[in-house]
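Each remark here refers to the structure printed beneath this line.
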Amino acid sequence: MTFRYISTIAPITTILTVAYGALTRRIICLDGTNGAINAECCQLFALRDDLQANLFHGGLCTAEAHESLRLTFNDAIAISPALEAQGEFGGGGADGSIALFADIETSYHPNIGLDEIIQLQQPILARHNVSVADFIQFAAAVGLSNCPGAPQLTAFVGRADATQPAPDGLVPEPFHTSDQIFSRLSDASNGAFGVIQTVWLLAAHTVAAANDVDPTVPGSPLDSTPSLFDTQFFIETLIRGTSFPGTGGNQGEVLSAVKGTLRLQSDQSIARDSRTACEWQSFVNNQAKAQTAFKSVFQTLSTLGQNLGHLVNLGKRDNVNFHRYRFRHLRRVLPTSLPGSVQQACAQSPFPSLPTDPGPPTTVAPVEAARPAS
Ligand code: HEM
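Below is the structure:
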């Protein structure tokens, strides 16, 4: 589908900008209602609306939004300068290979279950003239905008699509050690993701569930509020675990604190690692930091392997305006009635004092499985 657009001289207040030290023209898109600085944005209004109506059930932070976000990571992190240095193909990063070569890449163990969201996204992708790589990242930015408390992610277009699948072995597993995960993320990002940025990235697990870690309890949330981008994930992973949502004994799973939630071994390790424990704890009562930090690392993640000079940044000036809940402050509570207590892991500062939830032990319901829009 090709989008035509007409340009027009906008009112003086919108065309005079000092941002780039030059006059800029605003484009009025062919739909007659949306405008943007970058013409490439015009087609994204229609894509945004299609995604909201036909993938995210009118704008919900449900399994489809969670899985779309996970897809960005599993696509983008599959890049390895270290492999390239050994003369092997190291993957292309955020290049859409996970969907373009879905038959191959979704058979890799850490990508288990992602075939589902790729299939649900496919008909929408087919209706729009964007690269697969751009589609994956944009869909997640729209999906996350449906989760109250989320930051407005920066979207880029212009990514080149993959021409070959990424090799297996590059996506972290929940049973990997902190060292393995730190080293993999650092390699993938040429050092941009240090141990601190790894914690920032894991804020994504505040809107997350696990379907395949324990297949007897699909949809087990990773915190008690999987449809909110809040800081409960950072709190709850620091409370001593006492139960499994299902059978237990699964690879990559450890005891969780809140009934019904599932804790990944990797989250538990990084939350308590001496290199990252204080950074982890710093998010416990800092919603604004979680928003800023995740926005910043997502920008790097979503462009891994791409030439930034070729990408168009769809900033606020482009008015794609897919965000709905900017900087909303959310509850952060310590459920006092839980059998487990906080495990202090940060040596430098005590766990912050938080309001408490005096009710009976919370039992969290599973996240409903992703399904086609009705
Ligand atoms: C760094 C180490 C990471 C590991 C080991 C890891 C591992 C996992 C695992 C095992 C699951 C559950 C999959 C399932 O059984 O359905 C999961 C879910 C998820 N992960 Fe990660 N992850 C990591 C980082 C990230 C990052 C950086 C992001 C995003 C930027 C992310 C986003 C998600 C999301 C949104 C889900 C929920 C998917 C759903 O609800 O279906 N993860 N992750």
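For the sequence shown, UniProt numbering assigns the number 1 to the initial residue and increments by one for each residue that follows. Beta carbons: idealized from backbone N, C-alpha and C, even for Gly.
Looking at the backbone, the Cα of L55 and that of S97 are separated by about 21 Å.
The DSSP assignment places complete alpha helix (DSSP H) segments of no fewer than 4 residues inside the stretch 111–160 at 114–126 and 132–144, in order along the chain. Assigned with DSSP and collapsed to three states, D357 falls in strand. Per the coordinates, the alpha-carbon of G90 lies some 22 Å from the alpha-carbon of I118.
When only Cα atoms are considered, L255 and F244 end up about 5 Å apart. Within 7 Å of the C-beta of S256 there is not a single heavy atom belonging to the ligand HEM. For the 8 Å CB-CB criterion, N74 and L114 form a contact. Only exposed fits T177, as fewer than 16 other CB atoms lie within 10 angstroms of its CB.
Not one heavy atom of the ligand HEM sits closer than 7 Å to the Cβ of V199.
Under DSSP, I37 takes part in no beta bridge, so it has no partner. DSSP places S107 outside both helix and strand once states are collapsed to three, so it counts as coil. Each residue's CA atom was taken as its position, placing W280 and N111 some 25 Å apart. The continuous stretches of alpha helix (DSSP H) do not include L202, and DSSP gives it neither H nor E. Annotation for N313: the continuous beta strand (DSSP E) segment containing it runs V312 to L314. At a threshold of 7 Å, P174 counts as near the ligand HEM, since its beta carbon sits closer than that to one of the ligand's heavy atoms.
DSSP places R70 in the helix class (H, G or I) of the three-state scheme. Judged by DSSP secondary structure, C29 falls within the beta strand (DSSP E) whose first and last residues are R26 to C29. L222 is positioned such that its CB atom lies closer than 8 Å to that of A209. For P172, the CB contacts under 6 Å within the same chain, skipping 5 residues up- and downstream, are I181 and R184 in chain order.
Within the DSSP bridge table, the entry for E253 names L264 as partners. Shown here, A210 sits in a strand according to DSSP, grouped into three states. L264 is classed as buried because its beta carbon has at least 16 other beta carbons within 10 Å across all chains shown.
Per DSSP, P245 lies in no alpha helix (DSSP H) and is assigned neither H nor E. Spatial neighbours of E67 in its own chain (CB-CB distance under 6 Å, excluding positions within 5 residues in sequence) are listed in chain order as I117 and A370.
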